[in-house]
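Residues 145 to 419 in the numbering used here are what the sequence shown lists, from first letter to last.
No residue lacks a Cβ here, since even glycine has one placed at the ideal position from N, Cα and C.
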Amino acid sequence: MTMRRWLRCSETSLATCSVRHRSAHHGFGSGPTCNNGDVKLASSYPIGEQLADDPVVWVIDDFLSPEERLHVIGIAAPRLEEAKVTSTRVNTTSAARTGSVAWVRYGDSSKVQEIIHRVSDLVDIPPHHSESMQVVHYAETQEYRPHFDGWDLRTEKGRLRTENGGQRVLTALMYLNDVAGGGGTSFPKLDLEVEAKPGRLVIFHNIEDEATNLHLRSLHGGMPVGDGEKWACNLWFRAKPYKAGGNRGSKPVAASRRTGGGQPGNRAARRRKKK
């Protein structure tokens with residue numbers, strides 16, 4: 145396989161682009177929004193670069209400032225525990241997922257609230273549909289093999305895991321540090337690999353259009369870290385409001401406030417093509 149790196153500059157910034165009301169969609173794959181429970185998923189977003197449209201994968205660079213990234217890491221570091229995967233009723237350790245995780249809640253700080261609201265404004269989903277931020281840490285060689293963030297609703301596991309808030313319809317993944325080597329996010333069904341660049345936000349949809357059915361092409365994985373360490377965080381949005389006391393200690397967040405953001409810079413992704 146060979147890699148093709150995409151490098152593009154954008155003239156649009158989070159600071160100058162309003163995300164409160166979207167009157168039009170931009171880029172390929174534009175069209176009607178997708179209805180899922182109490183939310184509507186957009187086919188594109190007002191800033192950034194679209195890397196795939198089925199499902200939607202979108203990248204925005206410098207979404208988080210260096211100060212915000214260090215702040216989130218500082219909260220999460222003392223809380224880290226061994227990473228687990230979801231099973232039917234409990235979470236278990238697995239060779240498919242190594243590394244550590246910690247939960248950062250809405251009430252932990254005003255900076256955390258600002259980040260959650262900024263993501264919420266961008267994706268146009270109320271913040272009280274989100275889980276707490278899951279911060280992940282990987283040392284050298286650690287990884288999370290390809291998996292789904294959502295669930296098959298036809299299974300007992302899927303039904304149990306979606307009792308609170310419904311399906312995970314959208315993932316917002318943010319990279320928190322400069323990874324010396326490896327650690328990108330792969331989408332095997334899309335022949336796509338996104339580089340783990342500090343401050344970068346990756347948005348991708350977990351469901352099929354007009355339904356909460358799991359999108360099989362949303363399969364993705366955290367690639368092994370080659371050198372150094374990797375910090376990142378996930379913010380998952382549900383189809384319906386997510387209530388307190390839910391899975392893994394998550395907490396609902398308050399009604400949205402409108403906030404500004406950082407400045408997007410160059411965008412880089414790698415698309416894998418077969419020889």
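According to the DSSP secondary-structure assignment, PHE381 is paired through a beta bridge with SER274, LEU314. In the DSSP assignment, GLY370 falls outside any alpha helix (DSSP H) and lies within the beta strand (DSSP E) extending over 369–371. Per the DSSP secondary-structure output, ARG241 pairs in a beta bridge with SER238, TYR288. Here ALA227 carries a coil assignment [DSSP, helix/strand/coil]. Excluding residues up to 5 positions away in sequence, ASP371, GLY372 lie with their Cβ nearer than 6 Å to the Cβ of ALA324 in the same chain.
Here PRO368 has THR285, GLU287, GLY326 as same chain residues with Cβ atoms under 6 Å from its own Cβ, once five neighbours each way along the sequence are excluded.
Sorting ASP293, PHE207, GLU352 by C-alpha distance to the C-alpha of ASP265 places PHE207 at the top. If you check the CB distance, LEU334 and ASP296 do not come in under 8 Å. Rounded to whole angstroms, VAL248 and ASN308 show a C-alpha spacing of 19 Å. In this structure ARG289 is not in contact with ARG382, their Cβ atoms being roughly 24 Å apart against a cut-off of 8 Å. THR315 is the residue among ILE260, THR315, ILE217 whose C-alpha sits nearest the C-alpha of TRP380. When rounded, the separation of the alpha-carbon atoms in PRO270 and SER253 is 19 Å.
With distances taken between CA atoms, GLN278 lies nearest to GLU226 out of LEU360, GLU226, HIS349. Annotation for VAL256: the continuous alpha helix (DSSP H) segment containing it runs 254–267. In this structure, TYR282 places its C-beta atom within 8 Å of the C-beta atom of GLY366. About 5 Å separates the Cβ atoms of HIS272 and PRO385, confirming a contact at the 8 Å cut-off. Within 10 angstroms of the beta-carbon of THR306 lie 16 or more other beta-carbons, which makes it buried. Residue state for GLU193 is assigned as strand, using DSSP reduced to three classes.
Here ALA221 is exposed: its Cβ has fewer than 16 other Cβ atoms, across all protein chains shown, within 10 Å. When TYR319, SER274, LEU224 are compared, the shortest CA-CA separation from LEU214 is found for TYR319. When DSSP states are grouped into helix, strand and coil, GLY251 belongs to the helix group. The beta-bridge partner set that DSSP reports for HIS349 consists of LEU314. Taking C-beta atoms under 8 Å as the contact rule, VAL245 and LEU224 qualify, at a distance of about 7 Å.
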